[in-house]
Amino acid sequence: METGYRLLCSRCFNEKIAARGRLDFQHVQFEPLTMRDGAGAAHGFHFRVHLLGDRVAINAFELKDGEPRDYEFQILDAAETDLFALMARLIGRMRRGLALRHLTIDTGRLHIADRVARGRIERDAYEDDSVPLLVIDGREIPWAEFGRMLMSFEGWQITLEIHDRSAEI
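Residue numbers (our numbering): 9 to 177.
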């Protein structure tokens with residue numbers, strides 16, 4: 009820390025981590041890809057490869073206002089894994105994730121479809137840091153709106169499971 013922080017591109021970051029771990033790691037830069045969701049809407053994904061010591065992650069994300077938003081996917085495996093095979097697995101995961109619809113619109117309002125809502129937890133930039141924002145079906149859902157959706161199940165039981173971002177659920 010005496011020398012300060014440096015911003016590194018993904019390739020430079022991976023080269024530094026590979027050198028420290030004495031790994032033979034060949035960085036791959038994947039081209040952006042457009043895929044359609046279950047409703048037929050197109051989504052443009054960018055990819056980032058990160059070597060994490062003995063593991064490697066490939067992140068797929070959409071950009072919104074220059075930041076990763078909406079749909080995001082990640083796959084994680086051993087550092088020695090063939091990155092092209094790992095990318096093929098990620099694309100399969102993305103296809104399955106995009107095909108699922110967890111929200112429906114009825115009478116102009118969003119509702120949870122089939123009693124299951126899968127997504128990810130983000131920080132709501134418009135609220136204080138203690139209020140989450142959910143991203144379900146690539147759509148940002150404020151916590152209060154999700155609460156309203158849950159009220160259609162008043163009196164029912166609920167199970168809440170939280171998984172690592174690289175898990176396929």
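We put the beta carbon where it would ideally sit given N, CA and C, even for glycine.
- Per the C-alpha coordinates, the member of Phe33, Phe55, Leu41, Arg44 positioned closest to Asp62 is Phe33.
- Beta-bridge pairing by DSSP links Ala65 to His58, Leu84.
- Excluding the 5 residues flanking it on each side, Leu41 has same chain C-beta neighbours closer than 7 Å at Phe53, in chain order.
- Cβ-Cβ distances below 7 Å link Ala175 to nothing in the same chain once the five nearest sequence neighbours on each side are left out.
- Residue state for Leu168 is assigned as coil, using DSSP reduced to three classes.
- In terms of Cα proximity to Ile66, the closest of Ala87, Gly46, Asp78 is Ala87.
- Shortest Cα-Cα distance from Ala152 to any of Leu118, Arg126, Asp122 involves Leu118.
- Residue pairing by DSSP puts His51 in a beta bridge opposite Met43.
- Using a Cβ-Cβ distance cut-off of 8 Å, the region 42 to 50 and the region 97 to 111 are in contact, since at least three pairs of beta carbons, one from each stretch, lie closer than that value.
- Looking at the DSSP output, Asp78 sits in no beta bridge, so it has no partner there.
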